[in-house]
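The structure under discussion appears below in the form of structure tokens.
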Amino acid sequence: MAERKAMIKIKPKKYKVGDTVKVDFVVIHPMDTGMATDKETKKVIPAHYINEVTFSFDGEPFTKMTIWESVSKNPYFSVNYKVTKKGKITVDFTDNLGEKGSKSKKLKPKG
Amino acid sequence: MKKILLTVAFVSSLAISGEQFSMSDADKKMYEEMKENNPADIFVADGEEKFEELFGGEEALAKFLEVSEKELYRYIAGFPRYIKKMGNVVGLDQVLQAMQVEAGKKMAPLGSEVIDFTSAYVKSLANDENITIDVEADDAIKASYALGEKIYSTRRGYRGLSCKSCHAMAGALLRTQRLPDMGEVNTGGTWPAYRMTMSKLVTLQERSQKCMIDAGQKPLPLGSKEMVGLEVYITNMAKEKKQVIEIPGLKR
Amino acid sequence: MERRSFIKSLVAVSTVAVATPIMAKEEAKEAPKKSDTKGPNDMPFDVALKAIAGDKEVKESDKVKLSVPEIAENGAVVPVKVEVDSPMTEKEYVKAIHILNTKNSNARCADVMLTPANAKGYFATRVKLAQTQEVVAVVELSDGTFMKKGKSIKVTIGGCG
Numbered sequence: 000m001a002e003r004k005a006m007i008k009i010k011p012k013k014y015k016v017g018d019t020v021k022v023d024f025v026v027i028h029p030m031d032t033g034m035a036t037d038k039e040t041k042k043v044i045p046a047h048y049i050n051e052v053t054f055s056f057d058g059e060p061f062t063k064m065t066i067w068e069s070v071s072k073n074p075y076f077s078v079n080y081k082v083t084k085k086g087k088i089t090v091d092f093t094d095n096l097g098e099k100g101s102k103s104k105k106l107k108p109k110g
Numbered sequence: 000m001k002k003i004l005l006t007v008a009f010v011s012s013l014a015i016s017g018e019q020f021s022m023s024d025a026d027k028k029m030y031e032e033m034k035e036n037n038p039a040d041i042f043v044a045d046g047e048e049k050f051e052e053l054f055g056g057e058e059a060l061a062k063f064l065e066v067s068e069k070e071l072y073r074y075i076a077g078f079p080r081y082i083k084k085m086g087n088v089v090g091l092d093q094v095l096q097a098m099q100v101e102a103g104k105k106m107a108p109l110g111s112e113v114i115d116f117t118s119a120y121v122k123s124l125a126n127d128e129n130i131t132i133d134v135e136a137d138d139a140i141k142a143s144y145a146l147g148e149k150i151y152s153t154r155r156g157y158r159g160l161s162c163k164s165c166h167a168m169a170g171a172l173l174r175t176q177r178l179p180d181m182g183e184v185n186t187g188g189t190w191p192a193y194r195m196t197m198s199k200l201v202t203l204q205e206r207s208q209k210c211m212i213d214a215g216q217k218p219l220p221l222g223s224k225e226m227v228g229l230e231v232y233i234t235n236m237a238k239e240k241k242q243v244i245e246i247p248g249l250k251r
Numbered sequence: 000m001e002r003r004s005f006i007k008s009l010v011a012v013s014t015v016a017v018a019t020p021i022m023a024k025e026e027a028k029e030a031p032k033k034s035d036t037k038g039p040n041d042m043p044f045d046v047a048l049k050a051i052a053g054d055k056e057v058k059e060s061d062k063v064k065l066s067v068p069e070i071a072e073n074g075a076v077v078p079v080k081v082e083v084d085s086p087m088t089e090k091e092y093v094k095a096i097h098i099l100n101t102k103n104s105n106a107r108c109a110d111v112m113l114t115p116a117n118a119k120g121y122f123a124t125r126v127k128l129a130q131t132q133e134v135v136a137v138v139e140l141s142d143g144t145f146m147k148k149g150k151s152i153k154v155t156i157g158g159c160g
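Right, here's the structure in full:
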């Protein structure tokens with residue numbers, strides 16, 4: 000199974016301990032609702048969507064999401080996070096078919 | 000006669016600056032913010048990997064194009080160009096195909112992920128550079144430009160429409176979508192782009208094909224002389240408005 | 000065929016290629032519609048709201064700032080942003096932000112559980128809207144109270160290409 004491509008962006012690019020940053024996450028995923036029909040095969044495309052997303056810092060979850068099929072394809076999720084120290088932000092996600100994925104980004108506060 | 004009547008009827012049904020579907024400033028700002036998290040960024044990053052692994056990166060590209068690595072980004076900003084060793088005016092995607100052939104590899108088709116993602120990445124190397132296409136540079140590009148200009152104004156298909164029929168009416172609405180002046184909105188510099196209605200990375204030529212189909216025309220093949228000519232013509236519109244390269248774009 | 004001449008013929012070859020309408024896989028899918036196909040997650044707005052807040056009162060409040068476009072360029076990708084003014088301390092923070100819609104067959108879009116580590120009561124995403132409808136942000140605070148804010152979005156289906 001191919002790894003799902005994803006991207007984490009931290010904004011602003013420069014931040015210090017104590018600052019609140021924006022954590023943006025985008026992942027390539029079909030987010031099929033299970034209600035659309037393939038025009039060519041005439042078959043219903045089965046539901047295949049991300050249903051859980053967890054944002055963690057150095058292994059400690061700080062945001063948990065339940066996601067539904069109404070979210071756009073190649074979904075985007077954004078939350079804030081208060082920087083406490085240097086470490087790693089990880090976003091873990093699962094979909095309704097049991098596929099799991101993960102993406103990490105280092106937090107490097109200056110000062 | 001019927002064809003002309005159909006055309007007139009169609010064109011007059013275009014709403015001119017319909018207020019009902021104008022985007023408010025708040026809406027525009029929201030869509031601008033969306034560009035900061037463009038799913039196509041992931042495809043472009045994938046293109047970077049492919050560029051390094053499958054094509055040999057900037058060094059190989061500069062060598063193929065016979066320019067120095069220092070001039071490479073500026074050179075990219077001038078595509079489509081006449082490439083002597085290819086004997087034709089070509090886009091970046093066709094250059095990548097030629098590199099594959101030169102390396103003795105199997106050529107990936109235009110429109111494939113390998114070509115689309117990689118050419119998007121290569122074009123993005125020239126981000127913020129002014130579009131420098133020179134439609135007077137040589138006879139080949141002059142001919143390509145002339146062909147593109149001709150196609151732009153030639154009526155084709157059962158609706159009797161040319162590109163100009165709709166796109167000359169800058170600001171008009173066609174099926175709730177704005178018809179922009181392609182120079183003003185930098186069509187030449189913002190494709191390949193993420194099309195929200197398709198949720199995928201699409202090139203200018205692929206986008207043009209969709210438009211042709213909707214206009215009742217047979218779509219021109221990707222990479223054909225005609226399609227490249229059209230891209231040259233459209234890219235030059237952006238150059239004349241002093242636009243810069245901004246890849247990947249985000250479009251409806 | 001000699002490599003050099005093959006490279007030169009690349010453009011010539013494609014001119015001869017037969018033009019076929021592009022039918023990208025994504026194009027083959029129809030937009031999800033409120034129709035006969037029943038999804039396993041189908042849930043109307045009222046039921047979804049009850050599932051979130053139970054019998055508690057959920058008042059419209061300007062403390063919930065909901066940013067959505069008035070007119071969605073397309074229904075497949077509609078940006079939604081929610082901001083709630085809150086100190087986000089252990090004593091007082093935004094516990095959850097729920098995004099709901101009013102006309103999709105599943106009214107639920109996202110249920111986001113925040114913690115004080117988030118430092119701001121903020122969440123943004125993009126949703127699919129099958130037709131013109133409201134998007135509603137339902138906010139749960141750490142003290143167990145609820146508030147909401149809804150906005151109508153005109154979804155334009157059409158466009159060229």
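Residue numbers (numbering that gives the first Met the number 0), protein chains in the order written: chain A, 0 to 110; chain B, 0 to 251; chain C, 0 to 160. Ideal Cβ positions, reconstructed from N, Cα and C, are used throughout, including at glycine.
Name the residue from the options whose alpha carbon lies nearest to the alpha carbon of residue i.
| i | options | result |
| --- | --- | --- |
| A:T32 | A:P11, A:K12 and A:I66 | A:I66 |
| B:L221 | B:S207, B:L71, B:I212 and B:P191 | B:S207 |
| B:A125 | B:S161, B:Y144, B:T189 and B:K149 | B:T189 |
| C:K94 | C:I152, C:S85, C:G53 and C:N40 | C:S85 |
| B:K199 | B:G248, B:A102 and B:G159 | B:G248 |
| B:E128 | B:E70, B:R155, B:Y151 and B:G147 | B:E70 |
| C:T124 | A:K13, A:L96, A:V26 and A:K15 | A:V26 |
| B:G228 | B:L53, B:E239 and B:G90 | B:G90 |
| B:I86 | B:V243, B:K224, B:S152 and B:I244 | The amino acid occupying residue 86 of chain B in the given sequence is Gly; Ile does not appear at that position. B:G86 has its Cα closest to that of B:K224, out of B:V243, B:K224, B:S152 and B:I244. |
| B:S134 | B:V184, B:G182, B:Q204 and B:G77 | The sequence as given places Val at residue 134 of chain B; Ser does not occur at that position. Selected option, being the one with the closest Cα: B:G77. |
| A:D118 | A:R3, A:L106, A:E2 and A:I7 | Since the displayed chain A opens at 0 and closes at 110, residue 118 of chain A lies outside it and no answer follows. |
| B:Q204 | B:G110, B:N185 and B:M106 | B:G110 |
| C:M87 | C:G120, C:L65, C:K62 and C:D142 | C:G120 |
Quick check: what's the CA-CA separation for residue i versus residue j?
| i | j | result |
| --- | --- | --- |
| A:P111 | B:E32 | Since the displayed chain A opens at 0 and closes at 110, residue 111 of chain A lies outside it and no answer follows. |
| B:M211 | B:E48 | 33 Å |
| A:V20 | B:V88 | 47 Å |
| A:V22 | C:G158 | 33 Å |
| B:I82 | B:L64 | 8 Å |
| C:F122 | A:P60 | 16 Å |
| A:T40 | C:G160 | 22 Å |
| B:R155 | B:D92 | 26 Å |
| B:T131 | B:Y30 | 28 Å |
| B:A237 | B:I246 | 14 Å |
| C:S164 | C:T131 | In the structure as shown, chain C starts at 0 and stops at 160, and residue 164 of chain C therefore has no counterpart that could be examined. |
| B:N37 | C:D41 | 29 Å |
| B:K259 | B:D137 | Any property of residue 259 of chain B remains undetermined from this structure, which presents chain B solely from 0 to 251. |
| B:D213 | B:V66 | 40 Å |
| A:K15 | A:K84 | 9 Å |
| B:A25 | C:P68 | 7 Å |
| C:H97 | C:F44 | 12 Å |
| B:A102 | B:G187 | 30 Å |
| B:S164 | B:K209 | 16 Å |
| C:K55 | C:T144 | 8 Å |
| C:E25 | C:V83 | Any answer about C:E25 is weak, because its pLDDT of 35 lies below 50 and its placement is not dependable; what the coordinates show is given next. Whole-angstrom Cα-Cα distance: 36 Å. |
| C:T155 | B:M195 | 13 Å |
| A:T62 | B:L178 | 42 Å |
| C:L65 | C:G149 | 7 Å |
| C:K58 | C:P115 | 23 Å |
For residue i versus residue j, is the C-beta spacing smaller than 9 Å?
| i | j | result |
| --- | --- | --- |
| B:G46 | B:V121 | yes |
| C:L140 | C:E91 | yes |
| C:E133 | B:M22 | no |
| A:I49 | A:V70 | yes |
| C:A50 | A:N79 | no |
| B:P79 | B:I140 | yes |
| B:K250 | B:A192 | yes |
| C:V137 | C:L48 | yes |
| A:G100 | A:A5 | yes |
| A:S55 | A:I88 | yes |
| C:K153 | C:V135 | no |
| C:L128 | C:N100 | yes |
Checking contacts by CB at 9 Å: is residue i closer than that to chain E?
| i | result |
| --- | --- |
| A:S77 | Checking the listed chains, one finds no chain E in this structure; the protein chains it contains are A, B and C. |
At which residue ranges does the stretch 155 to 196 of chain B contain complete beta strand (DSSP E) runs of 3 or more residues, listed in the order of the chain? DSSP runs (the beta strand (DSSP E)) wholly in the stretch 155 to 196 of chain B: 171 to 173 and 192 to 194.
Does the stretch 67 to 80 of chain A come within contact of the stretch 72 to 88 of chain C, defined as at least 3 CB pairs closer than 8 Å? Pairwise C-beta distances place the stretch 67 to 80 of chain A in contact with the stretch 72 to 88 of chain C, as three or more of them are shorter than 8 Å.
Counting pairs of beta carbons, one from the stretch 97 to 105 of chain B and one from the stretch 167 to 181 of chain B, are three or more of them closer than 8 Å? When Cβ pairs closer than 8 Å are counted between the two stretches, the stretch 97 to 105 of chain B is seen not to touch the stretch 167 to 181 of chain B, the count staying below three.
Using 8 Å as the cut-off, can you tell me whether the stretch 106 to 119 of chain C makes contact with the stretch 52 to 69 of chain A, which would need three or more C-beta pairs spanning the two stretches below that distance? Short answer: they touch.
Examine the Cβ distances between the stretch 134 to 152 of chain B and the stretch 226 to 233 of chain B and report whether three or more of them are shorter than 8 Å. With the cut-off at 8 Å, the stretch 134 to 152 of chain B and the stretch 226 to 233 of chain B touch.
Enumerated in chain order, which unbroken segments of the beta strand (DSSP E) with a length of 3 residues or greater are wholly contained in the stretch 19 to 104 of chain A? Entirely contained in the stretch 19 to 104 of chain A, the beta strand (DSSP E) runs reaching 3 residues are, in chain order, 19 to 26, 49 to 56, 59 to 66, 75 to 81 and 86 to 94.
In chain order, what are the residue ranges of uninterrupted beta strand (DSSP E) at least 3 long that sit wholly in the stretch 88 to 120 of chain C? Here the runs fully enclosed are 93 to 100 and 107 to 112.
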